[in-house]
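Participant: Residue numbers (the working numbering), protein chains in the order written: chain A, -15 to 92; chain B, -18 to 101; chain C, 9 to 254.
A virtual CB, placed ideally from N, CA and C, is assigned to each residue, including glycine.
Mind having a look at this structure? Questions to follow.
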Amino acid sequence: MGFSLGFLVGVFGVLVLSHAAYSTVQYRGLLKIMEEEFSGPPITVVAELLLGLVFSLWAALTVPGTFLSIHPHSEENMIVALPANLDFMVFNHRGKVFPVEMDLKLKH
Amino acid sequence: MAGHNESTASGKKSTEATNDVSTLNAESLQSNMKIIYYSRTFMSIIGGVIAGILGFTGLSGFILYFLIMAITSVGLIAKAGFQVHSYFDSWNQVILDGFLGGLLSFVLFWTFAYDIVHIF
Amino acid sequence: MAADLVLDTAIRDWVLIPLSVVMVLIGVLRYFVSKLMRSNQVPDAKIVKEGQLVIRARNLRASANFIPPKSFRARRFYFSNEENGLLFVPKGQAQNPQAQMFSDPNMAMDMMKKNLSMIIPQTLTFAWVNFFFSGFVAAKIPFPLTQRFRSMLQNGIDLSTVDVSYVSSRSWYFLNLFGLRGLFSLILGEENAMDDTQRMMQMSGFGFDPSKSLGAEKDSLDIIQHDWALPKFEHRAEAVLKKLVR
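Written out as C-alpha cells, the structure reads:
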C-alpha cells in the first residue's frame, strides 16, 4: 500500500485534529485565567474539526482499497478466478510416486 | 454502457430465477466487507476525537456517532459508485453492517479527547 | 450531579496520556512477540484433505446444474455413498478433538505459548499501573451512568460521594484494554483484532470438528434438486441477445 495520497491526507487530517485539540486546551487555559465560563469551542477550532473530518473521511474511504465486483461476469473476476479455481488443481500426478521428499519436508 | 449493464443485470436476474445458482464471488464480497469494516473503525475513532474536542456530553455525543456513521455510509455508497448491487449482496451490508461495532472505540476516544481537553 | 472535581493537569500529562500510549505500544509489542513465538505450524495432511474435499463438494453443489444428470449422479455417488463415499464418515471414527489434543503435545504447547503471550504482558502492565497510578481519579466519562458501574469504573478508590462518571486510573487501564481493539485492527491488520476473542472460542470448543462439516456437506449434497440447465440455454441466449439488439 505504501504512503499513498489518501494515507498522507489521513495523517494530515489527524494532525489538524490534534492541533484543534491543542488550541482548545489553550483556549480553556485562557478562559480559566480570565475567569469566564466555557460555552463552546472557538470558531477556528470548529472549522479545523470540520476540515479534519473531511480529510479523515477521504482517507477512510480511499486507503483500505477499492471494492471488487462480486458478479462473476465482470471483467476482473474472469481472470482473477482462474488460479483460485480448484478445478485446475491436479493431485493425482506422477509426483505421487516420490513421497519421500514430501515427508522430509513435512517432518521439519 | 449503462444500458448494457442493465441488460446483463436483468438477464442475470432471470437466470437466477430459473436455475437458482448462486452467482456471487464470495472472496470479493469478503474483501469488500473488510474494507467497510476498516472505514467504519477509522471513522468511529475520528468521530470520538471530534466529539471529545467539541466537548459533547451525554446523548449529543451518541447522536454525533450515528451522524458520522450515516455520513460514512453515504461515503461508502458513493465509493461504490451508487451501484451497490454490483459490490454487495444487499443494501443492509453497506448501511447497517458494523454500525455498532465501532461504538466501543468511539466511546474510548471520546472519553480520551474529552478528558484531555476539558476536565483538567 | 455533584460539584465538578478540579483535577491537576499533571495527572493528564503524566498519567492519562502515558498510560494510553503505553497500552497501545504494549499491544503492538505483544503482536510482534506472539508473531515471533508462533511456530510455523505444519498443516496436518488429513485436515487439509478434508478441507479441500468440502470445497470440492461445495463446487459441485454450486454448479450442479451445468452438468448432465448422469454425471451429477455419478459425482454425488462418489462423494456421498454409504460405503466408501468421500464425505461419508463412519460412526465412531469421528475422533474426539479433546482426545486429539492430548495425543499431540505440540498442540497443547502451542496453545500454552499463545496464552502466555497474552497473559504475561497483561499481568505486568496491570502490576505497573497498580504500583504507580493507583488510588486517584484520572478521567471522566462524558455521559452519565448508573450506580452499578461504580465498581467497574472506580476500581481502587472507595469514595461513594464521587460522581460515577469519574474513572480511576486502574479502571482507565481496563477501558483501554477492551476499547483499543478497534485501533489495533487498524494498525496491525485484521488478524490481531480477532485473536483474543478467537482464543476464547478455541479454549472452550477447541477448533472446529472436520467430520461435522463433512456430514453437513453430505446432507446438503443429498437434498439438492438437480435440474440440467443446458436445454434451456438456447432460450436464455436468445433472450439476452434480443435484449441487446433492442
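1. Residue ranges of each alpha helix (DSSP H) run of no fewer than 4 residues wholly in the region -12 to 38 of chain A, ordered along the chain?
2. Keeping to the same chain, check which residues put their C-beta closer than 6 Å to that of L33/A; ignore five residues upstream and five downstream.
3. Of all the residues that make up the region 16 to 30 of chain A, which are near chain B by a beta-carbon distance shorter than 9 Å?
4. Exposed or buried, K60/B, counting other C-beta atoms within 10 Å across all chains shown (16 or more means buried)?
5. Check each candidate in R244/C, L222/C and D230/C and name the one with the smallest Cα separation from I55/C.
6. What three-state label does DSSP hand S176/C in the structure shown?
7. Verify whether the separation of the beta carbon atoms of P25/A and L48/B is less than 8 Å.
8. Counting contacts by CB-CB distance shorter than 8 Å, is I34/C in contact with chain B?
9. Give the interface partners of S40/A over in chain B, defined as CB-CB distance under 8 Å, in chain order.
10. With respect to 7 Å, is the separation between the Cβ of D21/C and the closest non-hydrogen atom of the ligand NAD below this value?
11. Just the chain B side, please: which residues come within less than 7 Å of I149/C by C-beta, in chain order?
12. Within 10 Å of its beta-carbon, does K91/A have 16 or more other beta-carbons around it, so buried, or fewer, so exposed?
13. Between the alpha carbons of A94/B and F69/B, how many angstroms are there, rounded?
14. Short of 8 Å Cβ to Cβ, which residues in the region 176 to 188 of chain C face chain B?
15. Would you verify that the beta carbon of G49/A is, or is not, closer than 8 Å to some beta carbon of chain B?
16. May I ask you to report which of helix, strand or coil DSSP gives V145/C?
17. Quick one: what's got a C-beta closer than 6 Å to L40/B's C-beta in the same chain, skipping five residues either side?
18. Could you confirm whether any beta carbon from chain A is found closer than 8 Å to the beta carbon of V88/B?
19. By the DSSP assignment, the alpha helix (DSSP H) with N13/B in it spans what residues?
20. What is the DSSP secondary structure of D12/C, reduced to helix, strand or coil?
21. Is H55/A close to chain B? Criterion is C-beta to C-beta, closer than 8 Å.
22. What number of angstroms, rounded off, separates the C-alpha of I63/C from the C-alpha of V75/B?
23. Since S193/C meets chain B, which of its residues come closer than 7 Å, beta carbon to beta carbon?
24. Please name the residue, chosen from D96/B, F101/B, Q64/B and V88/B, that lies closest to L52/A on a Cα-to-Cα basis.
25. Give me the chain A residues within the contact set of N13/B, using Cβ-Cβ distance strictly less than 8 Å, ordered along the chain.
26. Does the beta-carbon of R78/A have 16 or more other beta-carbons within 10 angstroms, so that it is buried, or is it exposed?
27. If you run the structure through DSSP and keep just helix, strand and coil, what is F80/C?
28. State yes or no: is the beta carbon of M73/A nearer than 8 Å to at least one beta carbon in chain B?
29. For F186/C, tell me which candidate among I100/B, V98/B, G82/B and H99/B has the shortest Cα-Cα distance.
30. Considering Cα atoms alone, identify which of V137/C, V172/C and F139/C is closest to L257/C.
31. So does the region 70 to 77 of chain C actually touch the region 231 to 251 of chain C, counting three or more Cβ pairs closer than 8 Å?
32. Nearest to H99/B by alpha carbon, out of V14/C, M126/C, N67/C and W136/C?
33. Pull up the distance between the alpha-carbon of F39/A and that of L45/A, whole angstroms please.
34. Within 8 Å (strictly less), CB to CB, does V0/A reach chain B?
35. Can you tell me which of L167/C, S176/C and I128/C puts its alpha carbon nearest to the alpha carbon of I34/C?
36. I'd like to know if the region 116 to 132 of chain C and the region 143 to 152 of chain C are in contact, where contact means that at least 3 CB-CB pairs between them fall below 8 Å.
Facilitator: Short version:
1. As summarised for the region -12 to 38 of chain A, the continuous alpha helix (DSSP H) elements at least 4 residues long and confined to that stretch are -11 to 18, given in chain order.
2. On the first sequence, position 49 is the one that residue 33/A refers to. These residues qualify, in order along the chain: A4.
3. Going along the region 16 to 30 of chain A in chain order, one finds F22, G24, P25, V29 and V30 with a Cβ nearer than 9 Å to chain B.
4. The residue given as residue 60/B occupies position 79 in the second sequence. Buried: at least 16 other Cβ atoms inside 10 Å.
5. Taking the third sequence and counting its residues from 1, the one referred to as residue 55/C is at position 47. Per the Cα distances, L222/C.
6. Sequence index remark: in the third sequence, residue 176/C carries index 168 (1-based). In the structure shown, S176/C sits in a strand (DSSP, three-state: E or B).
7. Mapped onto the first sequence, residue 25/A falls at position 41. Mapped onto the second sequence, residue 48/B falls at position 67. Against a cut-off of 8 Å, the Cβ pair of L48/B and P25/A comes out as no contact.
8. Here the question's residue 34/C lines up with position 26 in the third sequence. Under the Cβ criterion of 8 Å, I34/C is not counted among the residues facing chain B.
9. Position 56 of the first sequence holds residue 40/A. Within chain B, the residues whose beta carbon sits less than 8 Å from that of S40/A are F23, M24 and I27, listed in sequence order.
10. For the ligand NAD, the structure offers nothing, since it holds no ligand at all.
11. Along the third sequence, read from residue 1 onward, the residue named residue 149/C stands at position 141. The answer, in chain order, is T92.
12. As a working note, residue 91/A is residue 107 in the first sequence. The pLDDT assigned to K91/A is 49, lower than 50, so where the model puts this residue is not dependable; a value taken from the coordinates is nonetheless given after this. It counts as exposed.
13. Stepping through the second sequence from its first residue, residue 94/B is reached at position 113. Stepping through the second sequence from its first residue, residue 69/B is reached at position 88. Taking the straight line joining both Cα atoms gives about 35 Å.
14. Listed by position, the residues of the region 176 to 188 of chain C near chain B (Cβ gap below 8 Å) are L183, N184, F186, G187 and L188.
15. Working through the first sequence from its first residue, we reach residue 49/A at position 65. For G49/A, the answer is yes, since a Cβ of chain B falls inside 8 Å of its Cβ.
16. Position 137 of the third sequence holds residue 145/C. Three-state DSSP puts V145/C in a strand.
17. Translated into positions along the second sequence, residue 40/B becomes position 59. Contacts found: none.
18. As a working mapping, residue 88/B is identified with position 107 in the second sequence. Any Cβ of chain A closer than 8 Å to the Cβ of V88/B would place that residue at the interface, and such an atom is absent.
19. The count along the second sequence starts at 1 and reaches residue 13/B at position 32. Element bounds for N13/B: A7 to L35.
20. What you label residue 12/C is simply residue 4 of the third sequence in a count that begins at 1. Reduced to three states, the DSSP call for D12/C is coil.
21. As a first step, residue 55/A must be located in the first sequence, where it is residue number 71. True, the Cβ-Cβ gap to chain B drops below 8 Å.
22. If you number the third sequence from 1, residue 63/C lands on position 55. If you number the second sequence from 1, residue 75/B lands on position 94. Rounded to the nearest whole angstrom, the CA to CA distance from I63/C to V75/B is 28 Å.
23. Stepping through the third sequence from its first residue, residue 193/C is reached at position 185. Here the neighbours are T22.
24. Your numbering for residue 52/A matches position 68 in the first sequence. Checking every option, the nearest Cα to that of L52/A belongs to Q64/B.
25. Your numbering for residue 13/B matches position 32 in the second sequence. The answer, in chain order, is F51, L52 and I54.
26. Residue 78/A sits at position 94 when you count from the first residue of the first sequence. Exposed, because fewer than 16 other Cβ atoms sit within 10 Å of the Cβ of R78/A.
27. Along the third sequence, read from residue 1 onward, the residue named residue 80/C stands at position 72. F80/C: helix per DSSP, three-state reduction.
28. Mapped onto the first sequence, residue 73/A falls at position 89. Answer no: the Cβ-Cβ gap between M73/A and chain B never drops below 8 Å.
29. As a first step, residue 186/C must be located in the third sequence, where it is residue number 178. Nearest C-alpha to F186/C: G82/B.
30. One cannot answer for residue 257/C here, as it falls past the ends of chain C, which runs 9 to 254.
31. Verdict: yes, contact present.
32. By one-based count along the second sequence, residue 99/B stands at place 118. Between H99/B and the set V14/C, M126/C, N67/C and W136/C, the nearest pair of CA atoms involves V14/C.
33. The sequence position of residue 39/A within the first sequence is 55, counting from 1. The sequence position of residue 45/A within the first sequence is 61, counting from 1. Distance from the CA of F39/A to the CA of L45/A, rounded to the nearest whole angstrom, comes to 10 Å.
34. Within the first sequence, residue 0/A is the residue found at index 16, counting from 1. By this cut-off, V0/A is not an interface position.
35. Against the third sequence, residue 34/C aligns to sequence position 26. Nearest of L167/C, S176/C and I128/C to I34/C, Cα basis: I128/C.
36. Contact between the region 116 to 132 of chain C and the region 143 to 152 of chain C is absent, because fewer than three Cβ pairs lie under 8 Å.
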